[in-house]
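Here our numbering is used: position 295 in the sequence shown is 413, and no number is missing along the way. Every residue, glycine too, gets a C-beta built ideally from N, C-alpha and C.
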Amino acid sequence: MTYSTYLGFGESDKGLAVAVDPSGNAYVLGNTNSFGSTSNIFVAKMSPTGQNIYFTYFPGRAGADADTSGADIAVDNSGNAYIVARTSNGSLVAKLNSSGSAFTYYITVPWLLKGITVDSLGNAYVTGQYDGGTARVAEVLISKLNPSGSAFVYSITFGGTQADWVEDIAVDSSGNAYVAGWTYSFDFPVVNPVQATNPGWYAAFVTKLSATGTTLSYSTYLGSQNGHTFASGIALDGARNAYITGHTTANFPVTPGAAQTSFGGGGLDGYVTKLNATGGLAYSTYLGGSADEWLMGRGSTIAVDSNSGTAYVTGLTNSSNFPLSYTAFQSTNHGNSDAFVTQVGPQGNTFWSSYLGGSMSDDGWGIALDSSMNVYVTGRTNSSDFPTNVYGYGGNDDAFITKFNGL
């Protein structure tokens, strides 16, 4: 562990998402109730050694958007941070300059946004729900915003006749966008699917959108038979393979030789699934012990090394027998629930895992990876003995950021 620190100010503070720039600076997006009666967003930029470079918090704009809740963060090669957050009246999309001192743009929209990513040219891609003003059936929304924030290059909606909820977005070097979420629809649009029909009740979905925003390159259900499956994160490698994570009930489709081919128990297990560049199934594995695992953060719960295809996931577990490695940083679940960090090998057949937590409850809600294979995890803890080596406990719920070196 390179560093681990609380980020808390006395009231309820939560780390929701994390991103890393090419210099190894980490950017944490979170929520805080420590600076007033409403929820505020904060962004903390941490140096490679865990020292605070800047901390800024901002409430929503006056009126209907005064109460804000963070959703996701991305960062470009110049250290500008891109943020989506929910407001009382929709969502905001903002670009924060590299010093954290001013917004380059700040836009409010009537949609419920969940995820954001940025390409090498500074175009931001956002995803969330769109209900067409009916407030009845949510559809998937994907929008591309130009570098100045002055106009949307495209916006597309799609979905079935029931509710469809998207959680995360990724973009490849050609500008193709990939989203993952979950749906209650039995007529969600499928193209070259791994699963052509909804096998249960709530099923995950994975969709690839062309660079022009006009065509679904592939789209598939991903679910357990007669059960529930939710997707919380999606990430890509350099070969445009997509890696999806979330949690599921039993009877989820796993592949032979996967790291965990049997459902661990309890009501929910985590899972990690890899789709190849054309949307075919490369591997799929459970991830869980005999109690419940939850992978449903605000930011992405998965990160992938673009060269090797090694995947890293975070979430929370109630299991005392979560699948661990003998070299685990923490080999015991210390509290009601602990966060966890898991590395999944490129073929999906090996795990490296560790608990991360103190004697109370601890949740992993976001994960990121730098080019040196350092892993960054953020989330929420109310443990005064959470493993840290920088700043102390602020009380109540605290956000945290932990950096593991070279997993």
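For His365, the secondary structure class from DSSP, reduced to helix, strand or coil, is strand. Taking 8 Å as the upper bound for CB-CB distance, Leu147 and Ile225 are not in contact here, some 17 Å apart. When C-alpha distances from Gly383 are compared across Ala162, Gly427, Phe370, Ala376, the shortest belongs to Phe370.
8 Å or more divides the Cβ of Ala199 from the Cβ of Leu210.
Annotation for Pro307: Phe276, Leu334, Ser337 place their beta carbon closer than 7 Å to its own, counting only its chain and skipping 5 residues before and after. Excluding sequence positions up to five before and after Pro228, its CB lies within less than 6 Å of the CB of Gly208, all in the same chain and listed in chain order. Given a length threshold of 3 residues, each whole run of the beta strand (DSSP E) inside the region 366-421 is given here in chain order: 387-393, 399-405.
Counting the other CB atoms within 10 Å of its CB gives Gln247 a total of 16 or more, which places it among the buried residues.
Exclusion of the five residues before and after Ser479 leaves Gly453, Asn454, Ser455, Asn500 as the residues of its chain whose Cβ lies within less than 7 Å of its Cβ. Residue range 429-435 is occupied by the beta strand (DSSP E) that includes Gly433.
Around the CB of Pro374, fewer than 16 other CB atoms lie within 10 Å, so the residue is classed as exposed. Here Gly524 is exposed. Its C-beta has fewer than 16 other C-beta atoms within 10 Å. Listed as beta-bridge partners of Leu259 by DSSP are Gly246, Thr275. Assignment of beta-bridge partners to Tyr302 by DSSP yields no partner.
About 6 Å separates the Cβ atoms of Phe323 and Gly299, confirming a contact at the 8 Å cut-off. For Ser187, the secondary structure class from DSSP, reduced to helix, strand or coil, is strand. Per the coordinates, the alpha-carbon of Gly417 lies some 19 Å from the alpha-carbon of Lys392. Nearest to Ser408 by C-alpha distance, out of Gly397, Thr301, Phe440, is Phe440.
Residue nearest to Gly397 within the set Gln461, Thr150, Thr315, Tyr296 is Tyr296 (criterion: CA-CA distance). Pairing Ser291 with Ser122, the inter-Cα distance amounts to about 32 Å. Pairing Ile287 with Arg358, the inter-Cα distance amounts to about 13 Å. Taking each of Phe270, Gly293, Val138 in turn and checking the Cα distance to Ser238, the smallest one comes out for Gly293. Annotated as proximal: Asp131 and Asp515, with beta-carbon spacing under 8 Å. As the crow flies, the alpha-carbon of Val136 is around 14 Å from that of Phe522. In this structure, DSSP gives Trp483 an extended state, which the three-state scheme calls strand. Ser303 is positioned such that its CB atom lies closer than 8 Å to that of Thr279.
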